[in-house]
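Chains as they are written, first to last, in this note's numbering: chain A, 1 to 154; chain B, 1001 to 1154; chain C, 2001 to 2118; chain D, 3001 to 3118. Just below is one structure, and these are the notes that go with it.
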Amino acid sequence: MAQRDPAPSQPTAAGAPAVSLTIPVAPEMEIVATAQADALGEYIDMGRDKIDEVKLALVEACINAFEHSHTEDNQVHITFRVGGRREAGEWLEIEVLDRGRGFDTAGVESPSPQKTFEERRRRGWGLHIIKSLMDEVQIESGEWGTRILMRKYK
Amino acid sequence: MAQRDPAPSQPTAAGAPAVSLTIPVAPEMEIVATAQADALGEYIDMGRDKIDEVKLALVEACINAFEHSHTEDNQVHITFRVGGRREAGEWLEIEVLDRGRGFDTAGVESPSPQKTFEERRRRGWGLHIIKSLMDEVQIESGEWGTRILMRKYK
Amino acid sequence: MNETCRVSVERRGDVAVFWTDGYINNQGGEEIAREAYSELDRGARALIMNLEKTRIVNSIGISILIEVLEKVMERKAVLAFCGLTPTIDKTFRIMGLAQYAAIYPTEDEAFRAVSAPA
Amino acid sequence: MNETCRVSVERRGDVAVFWTDGYINNQGGEEIAREAYSELDRGARALIMNLEKTRIVNSIGISILIEVLEKVMERKAVLAFCGLTPTIDKTFRIMGLAQYAAIYPTEDEAFRAVSAPA
Ligand SMILES: Nc1ncnc2c1ncn2[C@@H]1O[C@H](COP(=O)(O)OP(=O)(O)O)[C@@H](O)[C@H]1O
Ligand SMILES: Nc1ncnc2c1ncn2[C@@H]1O[C@H](COP(=O)(O)OP(=O)(O)O)[C@@H](O)[C@H]1O
């Protein structure tokens, strides 16, 4: 693999117990990854519907990496952290990192039902869905790849 | 972390798609790990009962690492591979690696119901259970830590 | 790989009822679309999609369902969804699918609604 | 953390029926042991453990169940298990628990067996 700058590391929850998962770029591996979101959601007693929201956001982040990133290592790196004041955790945070070609985050056009139905531009909803379903989302992208950090409170 | 020899690497299934999971040494993280065995078992359409056997073997390998290894990095590294002739995979292989102090694998006494009940030595079943539930098991241990490689066919 | 969505269809007069089971991604969406177009070709006037056994529909899957919805509208037929989890319901609303297709809690309600004389 | 095993107990005459729900590890095992000893102290002559809502019992959990079984035998009471998954059944047989405790498919069968006059 070519040398590149490392991804910026600013763990918002340093010290929180982390579970890291690396999945290959392959069909339906995004669903395999959601099993971990499920297990950690249950670990902090997050409700079923919120866990489903987290799982869909994770699916969207993974399929973006699969489809758009052209990663060099053919992998997507996911880190799960739980934390908060109470022992068992108050939030679940997921970082999805690909070492792909990145994109201009400011240049992404916002989707709308009108564009979708009237102009028949049906794609382009992934990032919007992620932002709608998670409580906090940070997206960073550059030549080193793309990193989405998202958090959901119980 | 101190420099150590790396664990011997002899992936029996090089090239097979791998999912890697790192969990912290913390209560019930072994159950969080089983979610991945579940998902990958389902991915290759392994039957429910066999998946349960794989999950228990994984639990035993994790709690051994938690309890006995005194790992330096406070983590357990798990790699899942699926493979075989057919596209969707015929087996699930799990490698559980800790960077702990290791143990003398030849020196472990075999358990038996008699020792358990008559001599009241009730522990010491973990490795035996792993070997009973999985189709193939390799255990390597040394100063670098311990590595259990186990495979189950569909 | 049994995550792949299974689709079954039953015809009741000019209503076709679809049941999905599992993850709806591009593949699952295309499977649904194939079945839907074949029912429209066979004269179905209403399609009901019962998603109660599906917990995740990704945005690609939804984009295909939107394509199906557009075809349904072109044919002057109707499309109704039922059995949506709160998350799927929310996503359908975000993407505007709920503005053009009807969403009912249960299959019975969907069936009564699409069978009512216009 | 809701993986932790929940244990509930119901007394029927001198039989105590236990239901577990979730993973039985050291903590879950100790919870069961506490409840079991309290039932023995309150004169139970038979304990039935229905594990149908438990899919994993680890070897530490089993070692605690074996301790409970030994206490039960010391008191000349009996212990019966039911609702075991094939994997739990297999592990109980490997560790010899099945040689000293009875295993029944269903709670009814276990209840009939332990209630039968000796
Ligand atoms: N991980 C990524 N790597 C490279 N480009 C990405 C990544 N994620 C998103 N993008 C870019 O952002 C655009 C919008 O993404 P998204 O909102 O998920 O919609 P869609 O995937 O349907 O295009 C994509 O078309 C792509 O150009
Ligand atoms: N990952 C490990 N690191 C260090 N020692 C281990 C590890 N796994 C097993 N052992 C050693 O092997 C012994 C037998 O393990 P096991 O059969 O699982 O039974 P138990 O954990 O109940 O003792 C342990 O007591 C320990 O000394």
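From the three backbone atoms N, C-alpha and C, an ideal C-beta is built for every residue, glycine too. The structure presented is a predicted model; accordingly, all values stated were derived computationally and were not measured.
Specify the secondary structure class of residue i as computed by DSSP and reduced to three states.
i: I1063 (chain B); result: helix
i: T3085 (chain D); result: coil
i: G84 (chain A); result: coil
i: M2049 (chain C); result: strand
i: L113 (chain A); result: Per the sequence presented here, residue 113 (chain A) reads as Pro, with Leu not at that position. Helix, per DSSP.
i: H1077 (chain B); result: strand
i: A2080 (chain C); result: strand
i: A1007 (chain B); result: With a pLDDT of 46 at A1007 (chain B), under the threshold of 50, the predicted position of this residue should be treated as unreliable, though the coordinate-derived value follows. In the structure shown, A1007 (chain B) sits in coil (DSSP, three-state: anything other than H, G, I, E or B).
i: D38 (chain A); result: helix
i: E119 (chain A); result: coil
i: D2021 (chain C); result: strand
i: T1105 (chain B); result: helix
i: G124 (chain A); result: coil
i: S3038 (chain D); result: helix
i: A3101 (chain D); result: coil
i: T2091 (chain C); result: helix
i: G2029 (chain C); result: helix
i: A1014 (chain B); result: Residue confidence for A1014 (chain B) is low, a pLDDT of 45 falling below 50, so the modelled location carries little weight and cannot support an answer.
i: M1001 (chain B); result: Low local confidence applies: a pLDDT of 37 at M1001 (chain B) is under 50, so the model's placement there is unreliable, and no value is given.
i: G89 (chain A); result: coil
i: A26 (chain A); result: coil
i: D45 (chain A); result: coil
i: A3016 (chain D); result: strand
i: S1992 (chain C); result: Outside the displayed span of chain C (2001 to 2118) sits residue 1992 (chain C), for which this structure offers no information.
i: S1069 (chain B); result: coil
i: D1135 (chain B); result: coil
Taking all protein chains shown into account, decide if residue i is buried (16 or more other Cβ within 10 angstroms of its Cβ) or exposed.
i: T3106 (chain D); result: exposed
i: S141 (chain A); result: buried
i: D1104 (chain B); result: exposed
i: Q1114 (chain B); result: exposed
i: E1095 (chain B); result: buried
i: A3016 (chain D); result: buried
i: P1017 (chain B); result: buried
i: Q138 (chain A); result: exposed
i: Q1010 (chain B); result: Caution applies to Q1010 (chain B), whose pLDDT of 41 falls short of 50 and renders its modelled position unreliable; the value that the coordinates give is listed next. So Q1010 (chain B) ends up on the exposed side.
i: A2116 (chain C); result: exposed
i: L149 (chain A); result: buried
i: D3108 (chain D); result: exposed
Note down, in chain order, each residue of its chain lying with its Cβ closer than 6 Å to the Cβ of residue i, except the 5 sequence neighbours on either side.
i: F2008 (chain C); result: The residue you asked about is not Phe; residue 2008 (chain C) is Ser in the sequence shown. Excluding residues within five positions, the ones whose Cβ falls inside 6 Å are W2019.
i: H1128 (chain B); result: P1111
i: E1030 (chain B); result: V1059, C1062, I1063
i: T12 (chain A); result: Any reading at T12 (chain A) must be qualified, since the residue scores a pLDDT of 44, below 50, and its modelled position is unreliable; no value is offered.
i: I2062 (chain C); result: M2095
i: R2045 (chain C); result: D2014, A2077
i: R1099 (chain B); result: T1071, E1072, D1073, G1145
i: H77 (chain A); result: T22, L97
i: W125 (chain A); result: P111
i: V2057 (chain C); result: I2024, I2088
Tell me which residues share the same chain as residue i and place their Cβ nearer than 7 Å to its Cβ, disregarding the 5 neighbours each side in the sequence.
i: R122 (chain A); result: T116
i: D1135 (chain B); result: R1151, K1152, Y1153
i: K2090 (chain C); result: none
i: L1133 (chain B); result: E1053, L1056, A1057
i: V2114 (chain C); result: V2015, A2046, I2048, V2078, A2080
i: A3098 (chain D); result: F3092
i: I3060 (chain D); result: N3025, N3026, G3029
i: T2085 (chain C); result: R2055
Going along the chain, which residues of its own chain have a beta-carbon closer than 8 Å to the beta-carbon of residue i, five neighbours each way excluded?
i: A3110 (chain D); result: I3048, N3050, A3080, F3081, C3082, A3102, Y3104
i: I2064 (chain C); result: N2026, G2029, E2030, I2032, A2033
i: L40 (chain A); result: V19, F80, V82, L92
i: I1051 (chain B); result: A1037, D1038, G1041, E1042
i: V1032 (chain B); result: I1023
i: G3022 (chain D); result: N3002, E3003, T3004, C3005, R3006, G3028, K3053, T3054
i: A1002 (chain B); result: Caution is warranted here: a pLDDT of 40 is assigned to A1002 (chain B), below 50, making its placement in the model unreliable, and no coordinate value can be reported.
Assess, as a yes-or-no matter, whether the segment 53-73 of chain A is touched by the segment 2098-2107 of chain C under the definition of 3 or more beta carbon pairs within less than 8 Å. no
Should the segment 2052-2066 of chain C be regarded as contacting the segment 83-102 of chain A, the criterion being three or more beta carbon pairs within less than 8 Å? no
Any contact of the segment 3030-3038 of chain D with the segment 3064-3071 of chain D, i.e. 3+ C-beta pairs under 8 Å? yes
Are the segment 3070-3090 of chain D and the segment 1104-1113 of chain B touching, with three or more C-beta to C-beta distances below 8 Å? no
Say whether the segment 129-137 of chain A touches the segment 1015-1024 of chain B, bearing in mind that this needs 3 or more beta-carbon pairs closer than 8 Å, one atom from each stretch. no
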